[in-house]
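Novice: Residues in the sequence shown are numbered consecutively from 1, following the working numbering.
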Amino acid sequence: MLRRFAWQRRRRSSGRGEIVEEVTLTAPDISCDHCIATIRKALSKLAGVEFLGGNPQTKQVTIRYDPLLVTLAAIEKAMEEEGYPLAG
Ligand SMILES: [Cu+2]
Numbered sequence: 001m002l003r004r005f006a007w008q009r010r011r012r013s014s015g016r017g018e019i020v021e022e023v024t025l026t027a028p029d030i031s032c033d034h035c036i037a038t039i040r041k042a043l044s045k046l047a048g049v050e051f052l053g054g055n056p057q058t059k060q061v062t063i064r065y066d067p068l069l070v071t072l073a074a075i076e077k078a079m080e081e082e083g084y085p086l087a088g
């Protein structure tokens, strides 16, 4: 189950007419740029996810995803399996 305070979500248009969700995820175990790279690689395996950036200081990554292709729960699971459970 998603812990709602672990992420912030904005709904916006991709510019091609479809709706994409943009979320900022907080994972306390992020400590350096290598962690960000690891998460980027893990999320790149999920269809419909675009990695926008990450910040080790704030322990946050920002992504955009297509809710028709992937769920936030699947994204959270992929991060958890990589060793970066979301804040909760
Ligand atoms: Cu690291």
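Note that CB positions come from ideal geometry on N, CA and C, so glycine has one too.
Bridge partners of I75, per DSSP?
Specialist: I75 pairs with nothing; no bridge assigned.
Novice: Does ligand 1 have a heavy atom nearer than 7 Å to the CB of S44?
Specialist: Flag unset: Cβ of S44 not near ligand 1.
Novice: Considering only heavy atoms of ligand 1 and the C-beta of each residue, which residues fall inside 5 Å, strictly closer?
Specialist: Result (chain order): S31, C32, H34 and C35.
Novice: Here's a check: name, in chain order, each residue in its chain whose Cβ is nearer than 6 Å to the Cβ of E50, leaving out the five neighbours to either side.
Specialist: Answer for E50: R64, listed in chain order.
Novice: L52 lies in the beta strand (DSSP E); which residues open and close that run?
Specialist: Here the beta strand (DSSP E) through L52 covers V49 to N55.
Novice: If you drop the 5 nearest sequence neighbours on each side, which residues of the same chain put their C-beta closer than 7 Å to that of I39?
Specialist: For I39, where only same-chain residues beyond five positions count, the Cβ hits under 7 Å are G54, V61, M79, E82 and Y84.
Novice: Using DSSP with H/G/I as helix, E/B as strand and the rest coil, what is I30?
Specialist: If DSSP states are grouped into helix, strand and coil, I30 belongs with coil.
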